[in-house]
Amino acid sequence: MEKIAELEAREILQVIQPSIGAFVPLLEANRAKIEEIPRKSFQYGPTDRHQLDVYYPIDSTAKKSQILVWVYGGGFVTGSRRMDPPADLGYASVGSYFAHRGFIVIIPDYRLAPNTIFPGAAEDVRDSILWAIKHPENLSTPSTPNPDTQNIFLMGHSAGAVHAFASLLLPETS
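In my numbering, the protein residues as written are 413 to 586.
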């Protein structure tokens, strides 16, 4: 965090790359631990943006595995569940962190502005959750017991938090 504190700029576009650069050595030092978590990708909707990654716990002793849906930010106009190097471990580290603690982690992509308008991205988050509920077979592995599709944790940062919260306010769908 000292490297972040040393930045003199305060505008997001001026600090984003130096901020990512400050964390890359930490992520690289933990690459093996991050990448040891099994990950699979699935399509949950009709477009290329309707894809998600599922991170599976390696050894879970729970009767049911908790599910966490984590939604990244990006100012509503950028973002992807998989970033390009050198930041490629960024969101994978989130999936890995919680999977190492027994969670099944879902990180969905969603449509971005200006290619969608509100509530498009929130609908995508909702649809990724509904996909998980309707496809529990894709959330199970031999080392992962039954996924708990009745109690799903939802978390996001920045624009992702907005989409996560807005998805809870949408009308119910079947």
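Just so it is clear, CB atoms sit at the ideal spot from N, CA and C, and this is done for glycine as well.
The beta carbon of D536 lies closer than 6 Å to those of Y522, R523 in the same chain, with the five residues before and after it left out. Judged by DSSP in its simplified three-state form, D496 adopts coil rather than helix or strand. For G502, the uninterrupted alpha helix (DSSP H) run begins and ends at 502-511, by DSSP. Between the alpha carbons of R493 and G502 lies a gap of roughly 9 Å.
Secondary structure note for G514: it is in no alpha helix (DSSP H), with a DSSP letter that is neither H nor E.
Of all C-beta pairs linking the region 448-468 to the region 422-437, fewer than three are shorter than 8 Å, placing the two stretches out of contact. Taking one beta carbon from each stretch, the region 566-574 and the region 483-493 have 3 or more pairs nearer than 8 Å; the two touch.
Bridge pairing for G568: V483 [DSSP].
In the DSSP assignment, the residues bridged to L464 are F454, P520. Comparing alpha carbon positions, the residue from D539, P526, S570 closest to P458 is D539. C-alpha of G572 to C-alpha of T473: approximately 31 Å in a straight line.
Note on geometry: alpha-carbon atoms of R513 and R451 lie some 15 Å from one another. DSSP places V436 in the uninterrupted alpha helix (DSSP H) bounded by 424-441. In the structure shown, S472 adopts coil according to DSSP, grouped into three states. A residue is called buried when at least 16 other Cβ atoms come within 10 angstroms of its Cβ; A544 meets this threshold and is buried. Per DSSP, reduced to three states, the secondary structure at S579 is helical. Residue state for S477 is assigned as strand, using DSSP reduced to three classes. DSSP, read as helix, strand or coil, puts N527 in coil.
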